[in-house]
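*Asks:*
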Amino acid sequence: MAARRTSRLPITRRRAGTGFFYLEGSRSVKDPRLLERIRKLSIPPAWQQVQIAASSRAKVQARGIDAAGRTQMIYHPEFRDRQDAAKFDRLPAFGRALPNLRRQLMRDLRRGSSDKNKVTAAVIMLLDLHLLRIGTHAYSHANESFGAASLRSKHLAVQGHCATLDFPGKSGQEQHVKIRSRRLVKVLAELRDQPGYEIFRYLDEDGKSRLLQPSQINQYLAEHLDGDFTAKDFRTWGGSLAAFEALLEAPASAMAAEDATNLRKLAVEQAARKLGNTPEIAAGSYIDPRVLALAEDPGKLSSLRRSKSQLKTKNHLDPASRCMLRFLERTG
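With our numbering, the residue at position 30 of the sequence shown is 81, and numbering never jumps.
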């Protein structure tokens, strides 16, 4: 039965010693089936101001405030499944929208002053080329972990036409990123030399230095990507592409049907390295299932490998990107 679209969360959580009890209004929740459903939600103990749905079919099953002060949700599994499907369904449209965005990024990176558009373009280049998370300043201050928008000068080293970023990412995972785009490296070096800890500051119309906000990055994407996309879509596209390339570049001897498990493992591990995630998270959140299914279809892989060999970089998409885009468009 479909999840109900209701936001009513009448049940609250209260701490009792080392555990919790639950109230609906002023009455204590005693129903064993309801308590068992709440237990299975696995609401993190650290969450504050926890509210829980009375119905097992509500879209939002629980809501709370995490240790970083962010509102978090636990959704009904059916809703999560629909969201995951929609995320991958829009990948072809995202691939088709990338060329226009990339042209705009290059134009803005050539701007003379470090205005908002130029600085925003530099952040988005990091999302596009290196699949960084966007990050927020509040989360960085609270957790000492960083995303693209919250990077600081101490994380950046520039040597000639190359640069490296070394910083703790989400969950404390150390990230090491090599940047070889000369245009991007030049802009990063300019920004690093500005006053302030954070790299991504821009000069407003009055010449005052302002800290770039994630909302401004998503606004830029809304203006220059033809579709309802956000910074997260870069990681979905990039993770899928990394797995796709790994499958096409695997030796022919590994493409036999009986090697499907190892081939899939190879693709997931390559995507995980590119994303800076564990293989489990990469496979579950960032790689299109249609791409992973290719591991079990050696005939299709051989056909795609031949197709890729006949393609050239065009319209800001390399051969692998063009090949994956065609594949996704045809598989629907």
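All C-beta atoms in this analysis are idealised placements derived from N, C-alpha and C, irrespective of residue type, glycine included. Please read all numbers here as calculations on a predicted model, not as lab measurements.
(1) Kindly indicate which three-state DSSP category residue 393 falls into: helix, strand or coil?
(2) On a CA-only basis, which of 128, 251, 312 is nearest residue 263? Give me that one, please.
(3) Give me the Cα-Cα distance between residue 75 and residue 124, rounded to the nearest whole angstrom.
(4) Contact check, residue 236 vs residue 209 under 8 Å by CB: the rounded distance?
(5) Could you give the distance in angstroms between the alpha-carbon of residue 90 and the alpha-carbon of residue 329?
(6) Under a Cβ-count criterion, where at least 16 other Cβ atoms within 10 Å of its own Cβ denotes burial, should residue 69 be classed as buried or exposed?
(7) CB residue 186 to CB residue 200, shorter than 8 Å?
(8) Looking at chain C, is there any beta carbon in it that lies within less than 8 Å of the beta carbon of residue 103?
(9) With H, G and I counted as helix, E and B as strand and the rest as coil, what does DSSP make of residue 174?
(10) Nearest to residue 160 by CA position, among 343, 232, 207, 181, is which residue?
(11) Which class does residue 289 belong to by DSSP, given the choice of helix, strand or coil?
(12) Going by Cα to Cα distance, which pick from 61, 320, 370 is closest to residue 357?
(13) Anyone know if the C-beta pair for residue 59 and residue 113 falls short of 8 Å?
(14) Is residue 163 buried or exposed, if buried means 16 or more other CB atoms sit within 10 Å of its CB?
(15) Is it buried or exposed for residue 212, if we count other Cβ within 10 angstroms and need 16 for buried?
(16) May I ask you to report which of helix, strand or coil DSSP gives residue 361?
(17) Please classify residue 189 as buried or exposed, where buried requires at least 16 other C-beta atoms within 10 Å of its C-beta.
(18) Pick from 81, 292, 195: whose alpha carbon is nearest that of residue 322?
(19) Looking at C-alpha atoms only, which residue of 204, 344, 240 is the closest neighbour of residue 247?
(20) Below 8 Å between beta carbons: does that hold for residue 348 and residue 148?
(21) Quick one: is residue 65 buried, meaning 16 or more other Cβ sit within 10 Å of its Cβ, or exposed?
(22) Ordered along the chain, which non-local residues of its own chain (more than five positions away) have a Cβ less than 8 Å from that of residue 207?
(23) Write down the C-beta distance between residue 267 and residue 171 rounded to the nearest angstrom, noting that I regard them as a contact closer than 8 Å.
(24) Taking residue 377 as the reference, give the member of 156, 227, 145 with the closest Cα.
(25) Express the C-alpha separation of residue 82 and residue 57 in angstroms, rounding to a whole number.
(26) Please report the Cβ distance between residue 359 and residue 299, rounded to the nearest whole angstrom; I am assuming they are in contact, meaning their Cβ atoms lie under 8 Å.
(27) Take residue 383 and list the residues in its own chain whose beta-carbon comes closer than 6 Å to its own, dropping the five residues that flank it on each side.
(28) Would you mind listing the beta strand (DSSP E) stretches within the region 97–151 that are 3+ residues and don't spill past its ends, in chain order?
(29) Helix, strand or coil for residue 270? Go by DSSP, reduced to three states.
(30) Buried or exposed, going by whether 16 or more other CB atoms sit within 10 Å of the CB of residue 290?
*Replies:* Let me lay it out:
(1) Absent from the model: residue 393. The displayed extent of the chain is 52 to 383, so no value can be given.
(2) Taking the first residue of the sequence shown as 1, we reach residue 263 at position 212. That would be 251, whose Cα lies nearest to the Cα of residue 263.
(3) As a first step, residue 75 must be located in the sequence shown, where it is residue number 24. As a first step, residue 124 must be located in the sequence shown, where it is residue number 73. When rounded, the distance between both Cα atoms is 19 Å.
(4) On the sequence shown, residue 236 is found 185 positions in, with the first residue counted as 1. On the sequence shown, residue 209 is found 158 positions in, with the first residue counted as 1. About 6 Å; that satisfies the 8 Å criterion.
(5) Sequence index remark: in the sequence shown, residue 90 carries index 39 (1-based). Sequence index remark: in the sequence shown, residue 329 carries index 278 (1-based). The alpha-carbon atoms of residue 90 and residue 329 are separated by roughly 27 Å.
(6) As a working note, residue 69 is residue 18 in the sequence shown. Burial call: exposed.
(7) By one-based count along the sequence shown, residue 186 stands at place 135. By one-based count along the sequence shown, residue 200 stands at place 149. In contact: residue 186 and residue 200 (Cβ atoms closer than 8 Å).
(8) Absence of chain C from the displayed structure is noted, only one protein chain being present.
(9) Counting from 1 along the sequence shown, the entry for residue 174 is found at position 123. Here residue 174 sits in helix by DSSP.
(10) By one-based count along the sequence shown, residue 160 stands at place 109. The option with the nearest alpha carbon to residue 160 is 232.
(11) Start at 1 with the first residue of the sequence shown, and residue 289 comes out as number 238. Helix at residue 289.
(12) Here the question's residue 357 lines up with position 306 in the sequence shown. The residue with the shortest Cα to Cα distance from residue 357 is 370.
(13) The sequence position of residue 59 within the sequence shown is 8, counting from 1. The sequence position of residue 113 within the sequence shown is 62, counting from 1. For residue 59 and residue 113, no; Cβs fall outside 8 Å.
(14) Residue numbering aside, residue 163 sits at position 112 when the sequence shown is read from its first letter. Counting Cβ neighbours within 10 Å, residue 163 comes out exposed, since fewer than 16 surround it.
(15) Position 161 of the sequence shown, counted from the first residue, corresponds to residue 212. Result: exposed.
(16) As a position in the sequence shown, residue 361 is number 310, starting the count at 1. Looking at residue 361 - three-state DSSP - the assignment turns out to be coil, as it is neither helix nor strand.
(17) Translated into positions along the sequence shown, residue 189 becomes position 138. Exposed, by the Cβ-count rule.
(18) Translated into positions along the sequence shown, residue 322 becomes position 271. If we check each option's Cα against that of residue 322, 292 comes out closest.
(19) In the sequence shown, the residue the question calls residue 247 occupies position 196. The shortest Cα separation from residue 247 among 204, 344, 240 belongs to 204.
(20) Walking along the sequence shown from the start, residue 348 turns up at place 297. Walking along the sequence shown from the start, residue 148 turns up at place 97. No, the pair does not count as a contact, with Cβ atoms beyond the cut-off.
(21) Numbered from 1 along the sequence shown, position 14 holds the residue referred to as residue 65. So residue 65 counts as exposed.
(22) One-based indexing of the sequence shown puts residue 207 at position 156. Correct list, in chain order: 214, 215, 216, 239, 243, 250.
(23) The sequence position of residue 267 within the sequence shown is 216, counting from 1. The sequence position of residue 171 within the sequence shown is 120, counting from 1. Rounded, the Cβ-Cβ distance is 6 Å, consistent with contact.
(24) Along the sequence shown, read from residue 1 onward, the residue named residue 377 stands at position 326. Closest option to residue 377, Cα to Cα, is 145.
(25) Position 6 of the sequence shown, counting from 1, holds the residue named residue 57. Position 31 of the sequence shown, counting from 1, holds the residue named residue 82. Its pLDDT being 38, under 50, residue 57 is placed unreliably in this model, and the coordinates cannot settle the point.
(26) In the sequence shown, the residue the question calls residue 359 occupies position 308. In the sequence shown, the residue the question calls residue 299 occupies position 248. Yes, residue 359 and residue 299 are in contact; Cβ-Cβ is about 6 Å, under 8 Å.
(27) For this step, residue 383 is matched to residue 332 along the sequence shown. Closer than 6 Å at Cβ, skipping near neighbours: no residue.
(28) 99–103, 111–116, 122–126
(29) Stepping through the sequence shown from its first residue, residue 270 is reached at position 219. Looking at residue 270 - three-state DSSP - the assignment turns out to be helix.
(30) Counting from 1 along the sequence shown, the entry for residue 290 is found at position 239. The residue is buried, with at least 16 neighbouring Cβ atoms inside 10 Å.
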